[in-house]
Amino acid sequence: MFRDRARIEVLAGRGGDGGLSFRREKHVPRGGPDGGDGGRGGDVILVANADLRDLSAFRQKTRFKAGRGESGRGSRKHGADGETIVLEVPVGTQATTPEGDLSDLKTPGARVVLARGGNGGRGNARLATPTRQTPRFAEVGDPPGQAEVELHLKLLADAALAGLPNAGKSSLLRRISNAKPKVAEYPFTTLAPVLGTVESPDGAQLTVADVPGLVEGASEGIGLGHEFLAHLERARVLLHAIDASEDDVEERFRTIDRELALYGAGLDERPQAIVLNKIDLLLEPPSFRLDDPRIVGIFHVSALTGEGIEQLKRRLFTLIPPVPPVPEIAEEPELEEFREYRPQPPARRAYRIYRTDRGFRIVGEAPQSEELEAALKAAGARKGQEIELGDETLEWQ
Ligand SMILES: Nc1nc2c(ncn2[C@@H]2O[C@H](COP(=O)(O)OP(=O)(O)OP(=O)(O)O)[C@@H](O)[C@H]2O)c(=O)[nH]1
Ligand SMILES: [Mg+2]
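Oh and the sequence shown: position 210 is 209 in numbering that gives the first Met the number 0, straight run, nothing missing.
Okay, structure coming up:
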């Protein structure tokens, strides 16, 4: 089944702890500090992939956790960075967090960091100062970022077909594009959006979306089409397909138009090309008497016989203004280049936690006990260890 929504929880990796170690040399009982730095925790990243059609990959698995950074070791060995997790989504996916941050992955290769890994702690080798040449403590790694993310795919198409069930939308898309959506003589044949590519003789391309038919009340949830109205939002032109072999063509136009207006998002302001289909069933050319500034063209076609189709195709390329070409995406895009949503790095704490050989030392402005306990627990505090807090030394319970 086509899925255009998913909710996921992502947790980046914790930074590795700095190493607490001393050089061992012959005849020197305790050498200088040589603990290396901890590695950075892995990020969780979203990347747009042009080969993916929907978000069904997130039906089963919805929680993702990146790897934590390794701890630094003796001989100034730095810990390895934690593994970054890359989640692939279709082009056109929007990601939102409860804070409302929105990122829109509109081009293949576009990526966004959903949760940033914590920085590694400094090892004691780097904490030596002229007055403190053998620091007997090392920095603990930073906590990771995390996020609840709502994913919503909204198809990116130059034009989208809209119309009542059975109007011939899928038949039209089969005629003008390379797509082969199912066609049948009963309403609601199309159950999920389909994208097709239309080619002009000079090689220009347009994408057209076919979506399930709309009925009166669609915007309130009647029928199928309402769930898919979001896929019309990003089309620059709507191809409004109408079965011209039936009466009251204008009335049926208004029915769909009302639903577009009720849905909102400016759908009823979009330019519309009226495609009067099934003219093979008529003796006279159909008439359409509405005068409306949004109507940018009226076409008489038969998806069955192909009449009028070539002209419709040609006009599509003039009706839909060419977009500036998408810049070539480098093989390995710079993260910075595509980042639209910048998650706050895990807040820099007003205090630091150091590991000592007997436990932990808190330096700076210690937070409320609850937060401090959580931070120490995350840092790996165990029963019986010493916690140095200002002038006090406590025991971890
Ligand atoms: N005579 C004739 N029949 C057509 C024409 N275009 C489509 N049909 C028929 O109309 C019926 C519906 O066509 P579809 O293309 O499935 O219609 P749709 O608008 O995609 O319908 P939904 O997916 O249900 O919204 C099918 O039986 C088609 O064969 C046409 O130009 N002439
Ligand atoms: Mg259809």
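C-beta: ideal position from N, C-alpha, C; glycine also. Note that this is a predicted model, so its numbers are computed, not measured.
Under the three-state DSSP convention, the category residue i falls into
i       : result
Ile-278 : helix
Lys-312 : helix
Gly-383 : coil
Glu-215 : coil
Glu-364 : coil
Thr-106 : coil
Leu-19  : coil
Thr-392 : strand
Glu-336 : Residue confidence for Glu-336 is low, a pLDDT of 38 falling below 50, so the modelled location carries little weight; the figure read from the coordinates is stated next. Helix.
Ala-329 : Caution is warranted here: a pLDDT of 43 is assigned to Ala-329, below 50, making its placement in the model unreliable, and the coordinate value is therefore given only provisionally. It is coil, neither helix nor strand.
Ala-374 : helix
Leu-266 : helix
Glu-369 : helix
Ala-183 : coil
Phe-287 : coil
Ala-272 : strand
Leu-190 : coil
Residue i CB to nearest heavy atom of ligand 2 below 7 Å
i       : result
Asp-242 : no
Ser-169 : yes
Pro-180 : yes
Asp-209 : yes
Alpha-carbon spacing of residue i relative to residue j, whole angstroms
i       : j       : result
Gly-99  : Asp-50  : 28 Å
His-239 : Gly-12  : 49 Å
Asp-16  : Gly-358 : 13 Å
Ser-226 : Gly-220 : Looking at the sequence shown, residue 226 is not Ser but Glu. In a straight line, the C-alpha of Glu-226 is about 7 Å away from that of Gly-220.
Thr-95  : Leu-152 : 11 Å
Thr-92  : Gln-204 : 22 Å
Pro-284 : Ala-260 : 29 Å
Pro-192 : Leu-289 : 29 Å
Asn-177 : Thr-188 : 19 Å
Ala-329 : Val-111 : Any reading at Ala-329 needs caution, since the residue's pLDDT is 43, under 50, leaving its predicted position unreliable; the model's value is listed next. Distance between the alpha carbons of Ala-329 and Val-111 is about 16 Å.
Gly-305 : Ser-170 : 10 Å
Ser-20  : Leu-375 : 21 Å
Gly-265 : Val-248 : 23 Å
Arg-251 : Asp-157 : 24 Å
Gly-14  : Gly-40  : 4 Å
Pro-332 : Gly-78  : Only weak support exists for where Pro-332 lies, its pLDDT of 42 falling under 50; the value from the coordinates is given anyway. Distance between the alpha carbons of Pro-332 and Gly-78 is about 26 Å.
Trp-395 : Phe-57  : 41 Å
Ala-272 : His-299 : 11 Å
Gly-120 : Asp-141 : 7 Å
Val-274 : Ile-297 : 6 Å
For residue i, the first and last residue of its enclosing alpha helix (DSSP H)
i       : result
Thr-254 : 248-262
Lys-168 : 168-175
Closer than 7 Å: residue i CB and nearest ligand 1 heavy atom
i       : result
Leu-280 : yes
Phe-187 : yes
Gly-312 : A quick correction: the sequence has Lys, not Gly, at residue 312. No, ligand 1 has no heavy atom inside 7 Å of this Cβ.
Asn-177 : no
Glu-184 : yes
Gly-222 : no
Gly-108 : no
Leu-231 : no
Start and end residues, beta strand (DSSP E) containing residue i
i       : result
Val-148 : 145-152
His-299 : 294-299
Arg-2   : Segment: none, Arg-2 is in no beta strand (DSSP E) and carries neither H nor E.
Leu-194 : 193-198
Thr-206 : 204-209
Glu-226 : Note, Glu-226: premise wrong, no beta strand (DSSP E); not H, not E.
Asn-48  : 43-48
Glu-138 : 136-138
Ile-241 : 236-242
Tyr-353 : 350-355
Ala-158 : 158-161
Ligand 4 heavy atom lying under 7 Å from the CB of residue i
i       : result
Gly-307 : Ligand 4 is not among the ligands present in this structure, which contains only ligand 1 and ligand 2.
Ranges of the beta strand (DSSP E) found wholly within the region 64-129, counting only runs of at least 3: 84-89, 92-95, 101-104, 110-114
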